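Below: the structure, in structure tokens.
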Amino acid sequence: NAGVTQTPKFQVLKTGQSMTLQCAQDMNHNSMYWYRQDPGMGLRLIYYSASEGTTDKGEVPNGYNVSRLNKREFSLRLESAAPSQTSVYFCASSEYRTATIYGYTFGSGTRLTVV
Amino acid sequence: QKEVEQNSGPLSVPEGAIASLNCTYSDRGSQSFFWYRQYSGKSPELIMSIYSNGDKEDGRFTAQLNKASQYVSLLIRDSQPSDSATYLCAVNKGPGGSYIPTFGRGTSLIVHP
């Protein structure tokens, strides 16, 4: 029972480099989400995908792009990394229509440092 | 005013005591409420959900919801050192609003032996 799998777990980038964070879930959930978590700031939503084929901006989308590859996979891309994007990134999934009842399942996180 | 507010703590309680964690929210239309536990360096884990006024019990955990006063609380009975973590409150507006929850910044709980 893998749940939500994120890769990589750790990454160090130089300013201006690009990378893609991968996320896959095996719970047949409709909705997937990307959050970042910074000290003192809590969890902030970057992008989400309510269902396969749709994506929407969250609270802090600037500097990021996403792709909902299929129902299982939702990737987050940093095109030109900046030190302000140093953070811990979490992917999550849920059933959309029942998200108000069952809540989220989170992946284990990616700790990203941009130097 | 933040939409979901929690005291950042740390809240320190002795082993065996009741830990009480509180959360207030600003949107009266909110309908679903969640508590997540996050150990240091780990991801949040859903531990309780509640959507009706009153109490909901699950083992040592009790969630309490008061929509009139716009607060939700989490009680942990017989607190153990393994309960030491940050507890995140999340609130959904539900039908008619966004299904995306708003998270509080979390309360750090320390249970000392």
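Protein sequences appear in the order of chains A and B. Residues in the first sequence are numbered from 43 upward in steps of one, following this note's numbering. Residues in the second sequence are numbered from -14 upward in steps of one, following this note's numbering. All C-beta atoms in this analysis are idealised placements derived from N, C-alpha and C, irrespective of residue type, glycine included. Since the structure is predicted, the reported quantities are computational estimates derived from the model, not experimental observations.
For the pair V54(A) and C133(A), the CB atoms are not nearer than the 8 Å cut-off. Identification of residues in the region 9 to 24 of chain B having a C-beta nearer than 8 Å to some C-beta of chain A yields Q16, S17, F19, Y21, given in sequence order. The straight-line gap separating the alpha-carbon atoms of I85(B) and K52(B) is approximately 19 Å.
For L85(A), the chain B residues whose Cβ falls inside 8 Å of its Cβ are P29, L73, F88, in order along the chain. S93(A) carries a coil assignment under DSSP once its states are collapsed to helix, strand and coil.
Collapsing the DSSP output to three states places Y144(A) in a helix. Spanning the alpha carbons of R119(A) and T71(B) requires a straight line of approximately 28 Å. Across the structure, Y36(B) and N(-8)(B) are spaced so that their CA atoms are roughly 22 Å apart. In the DSSP assignment, A48(B) falls within the unbroken beta strand (DSSP E) covering 46 to 51.
In this structure, R78(A) is the residue among I88(A), G82(A), R78(A), Y89(A) with its C-alpha nearest to the C-alpha of S28(B). For G145(A) against Q48(A), the beta-carbon gap comes to about 18 Å, at or over 8 Å, which does not count as contact.
A Cβ of chain A is located within less than 8 Å of the beta carbon of S34(B). Residue contact with chain A for G91(B): present (Cβ-Cβ distance below 8 Å to some residue of chain A).
Comparing alpha-carbon positions, the option among T87(B), C8(B), G1(B) lying closest to S93(B) turns out to be C8(B). If you check the CB distance, R114(A) and Q64(A) do not come in under 8 Å. In the DSSP assignment, H97(B) falls within the unbroken beta strand (DSSP E) covering 92 to 97.
For M83(A), there are no CB contacts under 8 Å within the same chain when 5 residues up- and downstream are skipped. G105(A) does not reach chain B, its nearest Cβ partner there being about 20 Å away, counting only Cβ pairs nearer than 7 Å. Between Q23(B) and G91(B), the C-beta spacing is below 8 Å. Near chain B, meaning a CB-to-CB distance below 7 Å, the residues of the region 89 to 119 of chain A are Y90.
At least one C-beta of chain A is nearer than 8 Å to the C-beta of I85(B). Taking the Cβ atoms as the reference, L(-4)(B) lies roughly 12 Å from S58(B), outside the contact range of under 8 Å. A straight line joining the alpha-carbon of F46(B) with that of L60(B) spans about 6 Å.
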